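Sequential numbering from 10 applies to the sequence shown in the numbering used here. The beta-carbon is built from N, C-alpha and C at its ideal position, and this holds for glycine as well. It should be emphasised that the depicted structure is a prediction, and the values quoted were computed from it without experimental measurement.
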Amino acid sequence: MDSIATDTDRGQAGLGTVIVFLSLVIIGAIAAGVLLSTADTLETHAEATGEESTQQVADRIDVIGTLGYTNESATAFNQTALDGTAELHRLEVTVQPGPGTEVIDLEETTIEVLADEMTILTYRDVDAGFDGRDFHEDVALDADDSGFFAVREHGSEASVSALGNDDRAEIVIPLGTYDEETEWIADDEELEQPARLEHGATAELTLTTAQGSQRATVLYVPDSLTDDPAVKL
Numbered sequence: 010m011d012s013i014a015t016d017t018d019r020g021q022a023g024l025g026t027v028i029v030f031l032s033l034v035i036i037g038a039i040a041a042g043v044l045l046s047t048a049d050t051l052e053t054h055a056e057a058t059g060e061e062s063t064q065q066v067a068d069r070i071d072v073i074g075t076l077g078y079t080n081e082s083a084t085a086f087n088q089t090a091l092d093g094t095a096e097l098h099r100l101e102v103t104v105q106p107g108p109g110t111e112v113i114d115l116e117e118t119t120i121e122v123l124a125d126e127m128t129i130l131t132y133r134d135v136d137a138g139f140d141g142r143d144f145h146e147d148v149a150l151d152a153d154d155s156g157f158f159a160v161r162e163h164g165s166e167a168s169v170s171a172l173g174n175d176d177r178a179e180i181v182i183p184l185g186t187y188d189e190e191t192e193w194i195a196d197d198e199e200l201e202q203p204a205r206l207e208h209g210a211t212a213e214l215t216l217t218t219a220q221g222s223q224r225a226t227v228l229y230v231p232d233s234l235t236d237d238p239a240v241k242l
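Laid out in structure tokens, this is it:
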């Protein structure tokens with residue numbers, strides 16, 4: 010015989026429906042909250058990434074020319090014995106801030122030189138008499154420091170560490186081993202710079218600014234150096 014639903018049964022069924030409905034509403038609210046939180050996190054991350062990328066683009070350093078100097082011009086610069094073999098003993102890299110860049114701080118810039126080995130170079134200050142080709146007693150390096158120097162390409166100031174958008178500078182990288190008799194070495198020890206480059210060699214330079222912007226350039230040494238004091242790389 011069919012049972013007849015009582016008011017109590019109908020009330021319990023209605024209460025169950027309400028509970029199920031409220032549960033679905035709560036679950037939906039939680040899910041929506043999670044989605045909103047995830048969306049906010051992704052938006053924040055995207056904004057931070059975008060700002061970082063924009064900052065790196067805005068702080069770009071451009072390489073506009075590279076020269077290598079052979080042993081023929083090494084007398085004053087390198088006091089270590091030269092065996093007469095044509096090698097590059099110094100690199101000069103002309104740089105300028107990229108479009109839209111306000112200032113590049115070379116003191117906070119590093120240069121990675123990758124040839125036979127990898128060497129990380131940091132900025133070293135120079136005496137006002139430094140012209141990019143001859144060192145003086147006031148230019149001192151500790152023996153365990155590998156470094157580069159920078160001189161303004163045009164203008165009266167010899168030393169430059171901050172490059173504005175209208176500035177150019179020559180980054181000078183000594184190559185080879187400098188012995189304790191070299192007057193601009195602060196310690197009575199040898200200074201190890203990146204190895205000298207022979208004819209036909211290649212080297213990669215990567216300049217990294219304080220903001221993390223990088224500029225890589227590959228240098229190709231000509232197959233014949235002969236007696237040229239300077240060669241374009």
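Query	Result
Could you check if Val-181 is buried or exposed, using at least 16 other CB atoms within 10 Å of its CB as the buried criterion?	buried
In this structure, how does DSSP classify Val-102 when only helix, strand and coil are distinguished?	strand
Does the Cβ of Gln-223 have 16 or more other Cβ atoms within 10 Å, making it buried, or fewer, making it exposed?	exposed
For His-208, tell me which candidate among Ala-124, Asp-175, Leu-216 has the shortest Cα-Cα distance.	Ala-124
Check whether the Cβ atoms of Leu-228 and Ala-212 lie closer than 7 Å to each other.	yes
Could you tell me if Asp-68 is buried or exposed, where buried requires 16 or more neighbouring beta carbons within 10 angstroms of its beta carbon?	buried
Check whether the Cβ atoms of Thr-118 and Glu-179 sit closer than 7 Å, and answer yes or no.	no
Going along the chain, which residues of its own chain have a beta-carbon closer than 8 Å to the beta-carbon of Ser-170, five neighbours each way excluded?	Asp-114, Leu-115, Glu-116, Tyr-132, Asp-134, Ala-159
Would you list the one or two residues that DSSP bridges to Arg-224?	Leu-216
Select from Gly-42, Leu-172, Thr-75, Gly-107 the residue whose C-alpha is nearest the C-alpha of Leu-100.	Thr-75
Are the Cβ atoms of Leu-130 and Ser-155 separated by less than 7 Å?	yes
In terms of residues, what are the limits of the beta strand (DSSP E) holding Thr-119?	119–123
Under the three-state reduction of DSSP, which class applies to Glu-207: helix, strand or coil?	strand
For the beta strand (DSSP E) containing Asp-114, list its first residue and its last residue.	112–114
Taking the C-alpha atoms as reference points, what is the distance between Pro-106 and Asp-176?	7 Å
Comparing C-alpha positions only, which one of Val-29, Leu-97, Phe-30, Ile-70 sits nearest to Pro-203?	Leu-97
Am I right that Leu-216 and Ile-120 are in contact with their C-beta atoms under 8 Å? What's the rounded C-beta distance?	5 Å
List the residues that DSSP assigns as beta-bridge partners of Ile-180.	Val-102, Ala-159
So, using beta-carbon positions, are Leu-242 and Gly-77 closer together than 7 Å?	yes
Output yes or no for whether 7 Å exceeds the beta carbon distance between Ile-70 and Thr-226.	no
In whole angstroms, give me the CA-to-CA distance for Val-230 and Thr-79.	11 Å
With DSSP as the reference, identify every bridge partner of Ile-28, one or two as the case may be.	In DSSP, Ile-28 forms no bridge with anything.
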